[in-house]
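S.K.: Take this structure, written in structure tokens, and hold onto it; I'll ask about it next.
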Ligand SMILES: Cc1cc2nc3c(=O)[nH]c(=O)nc-3n(C[C@H](O)[C@H](O)[C@H](O)COP(=O)(O)O)c2cc1C
Ligand SMILES: [Mn+2]
């Protein structure tokens with residue numbers, strides 16, 4: 141299914157029509173916009189927010205947050221039916237993602253982002269509102285959900301992913317790569333090794349298909365622009381940046397063009413910046429510096445802001461990485477997986493399956509544990525448990541898992557330097573692994589026949605009741 145929007149403005153309009161948008165005037169850049177975003181993202185309905193009339197800035201310079209933090213808006217961004225249940229929507233995305241065929245962008249002759257420009261000496265990026273999102277942040281971040289474009293000098297491959305961008309004065313920003321394997325870091329290193337700065341463009345206020353693509357793990361050489369085209373079901377329209385020639389989404393809101401200077405020869409202290417764990421991961425650290433040499437923007441531009449927030453709040457209301465793990469399980473030939481989900485912002489993974497043989501659940505658990513970035517807990521549940529419902533999952537854990545028999549611990553597994561539980565001394569020398577607990581909360585395979593029968597409705601039966609009687613019972617998600 142193709143998406144129903146072409147740019148961020150269309151998306152905001154769709155969100156407004158669904159009654160999901162709240163317009164907020166007069167909120168301050170320093171802490172207030174971030175705080176309101178955090179409270180709204182943690183509320184039951186998780187509305188999207190459009191901030192306007194930001195004190196100190198012209199009316200019309202807006203910031204849009206909580207873009208896709210609800211399951212229905214994440215579905216809308218992915219071109220799926222926004223009224224599917226969250227688990228059905230994730231399943232639809234898993235299927236779409238498995239079969240996805242890249243669609244290359246289409247170059248067009250004009251671009252909305254060219255409506256206004258500042259070039260050379262005239263560049264002043266402080267004319268755009270950039271929030272201090274969390275109380276302890278080291279400065280204003282204009283890029284929290286913005287995408288960064290670079291081109292491989294050898295192959296021409298254009299990478300376009302999300303890396304955070306801190307403002308340092310009128311024409312300098314830093315771009316933060318979590319590690320050297322980030323494609324933006326690998327590409328810029330190629331220029332730096334030749335003693336050259338790396339041409340770079342930062343796109344703010346991109347459309348949601350590119351926001352999702354910028355988060356997806358794609359292989360080296362694959363372009364997020366093509367992946368966004370595939371999500372959209374039609375090519376993304378791009379126009380060459382006047383300074384760098386990079387293919388810039390024509391309907392982007394704000395574009396910075398310039399050079400990422402050779403690092404570490406040139407650097408600025410970056411951060412700290414609140415992470416998706418709900419903690420700071422490091423103090424100020426040196427980061428590569430972009431000199432901004434040209435700025436383009438639409439009239440009354442809108443920034444897409446997506447600060448990392450304390451769990452369970454997350455950029456995407458559908459756990460996109462869980463769809464990846466679900467696909468991994470299928471690719472490995474593990475049959476009868478009926479659902480996958482992540483809770484606590486990716487930190488806990490749940491797999492639901494119909495057990496067919498002894499060891500089936502553990503087989504799924506080991507694959508899920510291997511592919512759970514940073515998470516410490518993997519739970520396996522039977523097919524009568526909705527993995528997207530934490531309450532259901534804990535019901536299974538407390539009534540089907542015997543800790544002395546059903547818990548396994550895997551040591552030295554995949555985590556990251558963002559993991560708050562890894563001691564600083566270990567992180568400093570690159571020891572960033574953690575352990576994973578696999579909780580088999582399925583009915584023990586040998587007792588499948590004799591286990592006490594569940595008296596509760598199955599998720600399917602409950603859904604039927606909601607369909608027939610739900611109008612009398614009020615909203616349920
Ligand atoms: C809102 C948001 C902010 C992110 N910020 C960063 C960041 O500052 N640095 C980073 O290395 N990755 C960040 N990521 C994760 C990367 O975008 C993601 O892992 C992506 O797949 C990396 O792309 P690449 O493989 O092309 O390097 C962020 C993701 C999101 C959704
Ligand atoms: Mn990439």
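Numbering (this note's numbering), first residue to last: 141 to 617.
All residues carry an ideal CB built from backbone N, CA and C; glycine is no exception.
Starting from residue 382 and walking both ways along the alpha helix (DSSP H), at which residues does that stretch end?
M.R.: Neither: residue 382 is in no alpha helix (DSSP H) and is coded neither H nor E.
S.K.: First and last residue of the beta strand (DSSP E) that includes residue 374?
M.R.: That residue, residue 374, is in no beta strand (DSSP E); it is neither H nor E in DSSP.
S.K.: Let's see if you can read the secondary structure: which residues bound the alpha helix (DSSP H) around residue 468?
M.R.: 460-471
S.K.: Residue 359 CB to nearest chain B CB: under 8 angstroms?
M.R.: Looking for chain B here will not work: only one protein chain is present.
S.K.: Who are the Cβ neighbours of residue 161 in its own chain at under 7 angstroms, not counting the five residues just before and after it?
M.R.: 152, 155, 187, 188 and 190
S.K.: Since residue 174 is in the alpha helix (DSSP H), which residue starts that stretch and which ends it?
M.R.: 172-181
S.K.: Here's the rule: buried if 16 or more other CB atoms are within 10 angstroms of the residue's CB, otherwise exposed. What is residue 601?
M.R.: With fewer than 16 other Cβ atoms inside 10 Å of its own Cβ, residue 601 counts as exposed.
S.K.: Label residue 394 either buried or exposed according to how many other C-beta atoms from any shown protein chain fall within 10 Å of its C-beta, with 16 as the threshold for buried.
M.R.: Buried, by the Cβ-count rule.
S.K.: Using the Cβ count rule (16 or more neighbours within 10 Å means buried), how would you classify residue 486?
M.R.: buried
S.K.: Counting pairs of Cβ atoms below 8 angstroms between the stretch 575-583 and the stretch 507-525, do you hit three or more?
M.R.: yes
S.K.: Entirely within the stretch 496-534 and at least 3 residues each: give me those beta strand (DSSP E) ranges in chain order.
M.R.: 517-522
S.K.: What's the gap between the Cα of residue 604 and the Cα of residue 221?
M.R.: Their backbone Cα atoms lie some 19 angstroms apart in a straight line.
S.K.: In angstroms, rounded to a whole number, what distance separates the CA positions of residue 443 and residue 283?
M.R.: Each residue's Cα considered, the two are about 9 angstroms apart.
S.K.: Where does residue 203 land, buried or exposed, given buried means 16+ other C-beta within 10 angstroms?
M.R.: buried
S.K.: When the Cα atoms are used, what is the spatial distance from residue 366 to residue 244?
M.R.: 5 angstroms
S.K.: As a quick check of your reading: which residues have a C-beta less than 6 angstroms from at least one non-hydrogen atom of ligand 2, in chain order?
M.R.: 299, 301, 323, 358 and 364
S.K.: Nearest CA to the CA of residue 424: which residue from 432, 215, 414 and 585?
M.R.: 414
S.K.: Where residue 433 and residue 317 are concerned, what is the direct C-alpha to C-alpha distance, given to the nearest angstrom?
M.R.: Approximately 21 angstroms between the Cα atoms of the pair.
S.K.: Do residue 364 and residue 320 have their C-beta atoms within less than 8 angstroms of each other?
M.R.: no
S.K.: To which residues does DSSP link residue 339 through a beta bridge?
M.R.: 399
S.K.: What three-state label does DSSP hand residue 356 in the structure shown?
M.R.: coil
S.K.: Quick one: Cα of residue 350 to Cα of residue 368, how far?
M.R.: 5 angstroms
S.K.: Residue 275: buried (16+ other C-beta within 10 angstroms of its C-beta) or exposed?
M.R.: exposed
S.K.: Using CA coordinates, which residue listed in 567, 412, 301 and 337 is at the minimum distance from residue 429?
M.R.: 337
S.K.: Beta carbon of residue 390, beta carbon of residue 253: below 8 angstroms?
M.R.: yes
S.K.: Between residue 480 and residue 521, is the Cβ-Cβ spacing less than 8 angstroms?
M.R.: no
S.K.: Any chance the stretch 377-391 sits against the stretch 321-332, with 3 or more Cβ pairs inside 8 angstroms?
M.R.: At 8 angstroms Cβ cutoff, the stretches do not touch.
S.K.: Roughly how far, in whole angstroms, is the beta-carbon of residue 570 from the beta-carbon of residue 371, given that I think they are within contact range, below 8 angstroms?
M.R.: Incorrect: roughly 35 angstroms between the Cβ atoms, too far for contact.
S.K.: Could you give the DSSP three-state label for residue 263: helix, strand or coil?
M.R.: Residue state, collapsed to three classes: coil.
S.K.: Please report how far the alpha carbon of residue 617 lies from the alpha carbon of residue 262, in whole angstroms.
M.R.: Confidence in residue 617 is poor, its pLDDT being 46 and thus under 50, which makes the residue's placement unreliable; the coordinate value appears in the next sentence. If I take the Cα positions, the gap works out to 49 angstroms.
S.K.: Report the partner residues of residue 238 according to the DSSP bridge assignment.
M.R.: None, per the DSSP bridge assignment.
S.K.: In terms of residue numbering, what span does the beta strand (DSSP E) encompassing residue 326 cover?
M.R.: Boundaries for residue 326: no beta strand (DSSP E) harbours it, while the alpha helix (DSSP H) harbouring it runs 323-333, taken from the DSSP string.
S.K.: Taking only three categories from DSSP, how would you classify residue 587?
M.R.: helix
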